[in-house]
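Take 1 as the starting number for the sequence shown in full-length UniProt numbering and just add one per residue.
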Amino acid sequence: MRAYYFDNIPGDQRLPHDYVPSRPVSNATLSAINVKYWTIPVVDHEPKIDALAKEQGYKNRDLINVSKEGMGEIYEQKLKTFFEEHMHEDEEIRYVLSGSGFFDVRETPTDEWIRLAVEPGDLLVIPAGIYHRFTLDERNKIQAMRLFQDEPKWIPHNRSDETEVNPHRVDYLRSIGVGA
Ligand SMILES: [Fe+2]
Numbered sequence: 001m002r003a004y005y006f007d008n009i010p011g012d013q014r015l016p017h018d019y020v021p022s023r024p025v026s027n028a029t030l031s032a033i034n035v036k037y038w039t040i041p042v043v044d045h046e047p048k049i050d051a052l053a054k055e056q057g058y059k060n061r062d063l064i065n066v067s068k069e070g071m072g073e074i075y076e077q078k079l080k081t082f083f084e085e086h087m088h089e090d091e092e093i094r095y096v097l098s099g100s101g102f103f104d105v106r107e108t109p110t111d112e113w114i115r116l117a118v119e120p121g122d123l124l125v126i127p128a129g130i131y132h133r134f135t136l137d138e139r140n141k142i143q144a145m146r147l148f149q150d151e152p153k154w155i156p157h158n159r160s161d162e163t164e165v166n167p168h169r170v171d172y173l174r175s176i177g178v179g180a
C-alpha cells in the first residue's frame, strides 16, 4: 500500500492525484491518525486472515465486488456515495483480494487528505470516527473482503456539524490526542 498526500487538483477522482514531486506519508503519520494496515499475500491467505481475525475479534466477513459487472445498476450511484466524505460508528476493515483502489483519509488537525493506494494483499483498518472516502482507480475494479465484529454499522454519516459532535468522532479525536 502506498500512502501520499492527495493533491486536491480538481478532475477525475480515479487518477492518482499525487503531488509532483510526491509527498509520501510515513507509517508513523498513519499510526498517529490510528490507521492500521497489514500485508498478507493473497496466495494461501485464509489461515493468516483467520488468525488475525481471531486476534482482533473480527467474527464475521463477506466479500464485495466494486465494478460495473459486480454491481449492475447501482454502480454509478454507489461510487458517488463512496466518494462523499463520511465517517462510521464502527471500524471499516478491508482486505483486498484483487483489483485496486484509493481510500482517502482525513488527517487531523491538518485537514489534509491522505490517499491510500490499495492493492491485493493489503488489509486496511479505517478507525471509527475518521473522515474518509473511497474511489476506484482507472482499473475500475476491486474485490475485497469486509471483516467485522458483529452487526456492521457501516451507515455513512456525511461530514457535517452533526458528525463533529458524534460520540464516535469525539472518541476518535480523543484517541489521537486531538480535542477535549
Ligand atoms: Fe466508509
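Even glycine gets a Cβ: it sits at the ideal position worked out from N, Cα and C. Treat the numbers as computed from the prediction; the structure is a model and nothing was measured.
Delimiting residues of the alpha helix (DSSP H) encompassing residue i
{"i": "R14", "result": "Careful: R14 lies outside any alpha helix (DSSP H) and carries neither H nor E."}
{"i": "A32", "result": "27 to 32"}
{"i": "T81", "result": "75 to 82"}
{"i": "V170", "result": "167 to 175"}
{"i": "D161", "result": "161 to 164"}
From the options, residue whose alpha carbon lies closest to that of residue i
{"i": "F134", "options": "D7, R14, R2", "result": "R14"}
{"i": "A128", "options": "Q143, E112, G11, E164", "result": "E164"}
{"i": "D171", "options": "E112, N34, P21", "result": "N34"}
{"i": "K48", "options": "G121, K153, Q143, P16", "result": "G121"}
{"i": "residue 215", "options": "M1, R2, G177", "result": "Outside the shown range of the chain, which is 1 to 180, sits residue 215, and nothing can be said about it."}
{"i": "K80", "options": "V66, T110, E91, Y4", "result": "V66"}
{"i": "A144", "options": "W113, E92, R169", "result": "E92"}
{"i": "G57", "options": "D111, D44, Q77, D150", "result": "D150"}
{"i": "I114", "options": "S22, D12, G11", "result": "S22"}
{"i": "V96", "options": "V20, D90, N166, V125", "result": "V125"}
{"i": "A3", "options": "I40, D44, I74, D104", "result": "D104"}
Opening and closing residue of the beta strand (DSSP E) in which residue i lies
{"i": "G117", "result": "The sequence as given places Ala at residue 117; Gly does not occur at that position. Its beta strand (DSSP E) spans residues 113 to 118."}
{"i": "S98", "result": "92 to 99"}
{"i": "Q56", "result": "Here Q56 belongs to no beta strand (DSSP E); instead the alpha helix (DSSP H) covers 46 to 56."}
{"i": "D62", "result": "60 to 66"}
{"i": "D122", "result": "122 to 126"}
{"i": "K36", "result": "36 to 39"}
{"i": "T108", "result": "T108 -> no beta strand (DSSP E), and no H or E assigned at all."}
{"i": "R23", "result": "First-last for R23: undefined, no H or E at that position."}
{"i": "H88", "result": "Here H88 belongs to no beta strand (DSSP E), and DSSP marks it neither H nor E."}
{"i": "I142", "result": "142 to 148"}
{"i": "Y131", "result": "That residue, Y131, is in no beta strand (DSSP E); it is neither H nor E in DSSP."}
Minimum Cβ-Cβ distance from residue i to chain B less than 8 Å
{"i": "R139", "result": "The chain inventory of the structure shown lacks chain B, comprising one protein chain alone."}
Would the stretch 144 to 164 and the stretch 78 to 90 be scored as touching if the rule is three or more Cβ pairs under 8 Å? yes
contact_flag[the stretch 131 to 139, the stretch 92 to 101] where n(CB pairs < 8 Å) is 3 or more: The answer is yes - the stretch 92 to 101 touches the stretch 131 to 139, with three or more Cβ pairs under 8 Å.
Which residues are close to ligand 1, meaning CB closer than 6 Å to any heavy atom, in chain order? H86, H88, E92, H132, P156
Would the stretch 18 to 28 and the stretch 53 to 64 be scored as touching if the rule is three or more Cβ pairs under 8 Å? no
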